[in-house]
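Counted the way this note's numbering counts, the sequence shown spans residues 879 to 993. Where a beta carbon is used, it is the ideal one built from N, C-alpha and C, also for glycine. Beneath this line is the structure, given in structure tokens, with notes to follow.
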Amino acid sequence: GHRSLQISFERCLPHLMKVLKEEIGNEDKISAAAHGVGAFFSSFQIAWDRSDIKISLHPHPLEKYSASILKILVDLFEPSASRSTKISVLRAALPLVITTPEHVLEEKDVQIVIK
879 GHRSLQISFE RCLPHLMKVL KEEIGNEDKI SAAAHGVGAF FSSFQIAWDR SDIKISLHPH
939 PLEKYSASIL KILVDLFEPS ASRSTKISVL RAALPLVITT PEHVLEEKDV QIVIK
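Structure, rendered in structure tokens:
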């Protein structure tokens, strides 16, 4: 239920965020963490769609993490980043943006310039 979801967020997402911030230059760890973020948000969406919860939760369970994780991902998507890092970041960002309610993300949070 909702409590299990919160526990999952609190245990997994901070660790993935830490890896994304601290392992700059380690493509394998960055890619793995980015894929983990994408899988986490994608799984959340699937579980949410299949659940019987048809109410709006406030604050939304993703509100605490979405904007900050997206900022980290956008920062990783720089011209000097490797192709695999860019692909991993895009794959992680897509389910995050799709799953997160619009009011949680500001316009500046969702701007990625692809060169």
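> Closest by CA to R889, which one among I902, G903, V915, K899?
Replying inline: By one-based count along the sequence shown, residue 889 stands at place 11. Comparing Cα positions, the closest option is V915.
> Taking the alpha-carbon positions, what's the E956 to E984 distance?
Replying inline: As a first step, residue 956 is located in the sequence shown; it is residue number 78 there, counting from the start. As a first step, residue 984 is located in the sequence shown; it is residue number 106 there, counting from the start. Each residue's Cα considered, the two are about 20 Å apart.
> Of all the options F919, K896, K907, which has the alpha carbon lying nearest to the alpha carbon of E941?
Replying inline: Along the sequence shown, one-based indexing puts residue 941 at 63. Closest by alpha carbon: F919.
> Can you check whether the CB of E905 is closer than 8 Å to the CB of T963?
Replying inline: For this step, residue 963 is matched to residue 85 along the sequence shown. For this step, residue 905 is matched to residue 27 along the sequence shown. Less than 8 Å separates the beta-carbon of T963 from that of E905.
> Is it buried or exposed for S909, if we count other Cβ within 10 angstroms and need 16 for buried?
Replying inline: Numbered from 1 along the sequence shown, position 31 holds the residue referred to as residue 909. Under the 10 Å beta carbon count, S909 is surrounded by 16 or more other beta carbons and is classified as buried.
>> The alpha helix (DSSP H) that contains V967, what's its start and end?
In response: Translated into the one-based positions of the sequence shown, residue 967 becomes position 89. Annotation for V967: the continuous alpha helix (DSSP H) segment containing it runs 961-977.
>> Can you look up K993 in the DSSP assignment and give me helix, strand or coil?
In response: Here residue 993 refers to the residue found at position 115 when the sequence shown is read from its first residue. Low local confidence applies: a pLDDT of 47 at K993 is under 50, so the model's placement there is unreliable, with the coordinate-based value given in what follows. DSSP, reduced to helix, strand and coil, places K993 outside both helices and strands of the structure shown, so it counts as coil.
> Per DSSP, what kind of secondary structure is E984 in: helix, strand or coil?
Replying inline: By 1-based counting over the sequence shown, the position of residue 984 is 106. Three-state DSSP puts E984 in coil, outside helix and strand.
> Thinking C-alpha only, which one of P939, Y943, R961, T978 is nearest G903?
Replying inline: As a working note, residue 903 is residue 25 in the sequence shown. Closest by C-alpha distance to G903, out of P939, Y943, R961, T978, is R961.
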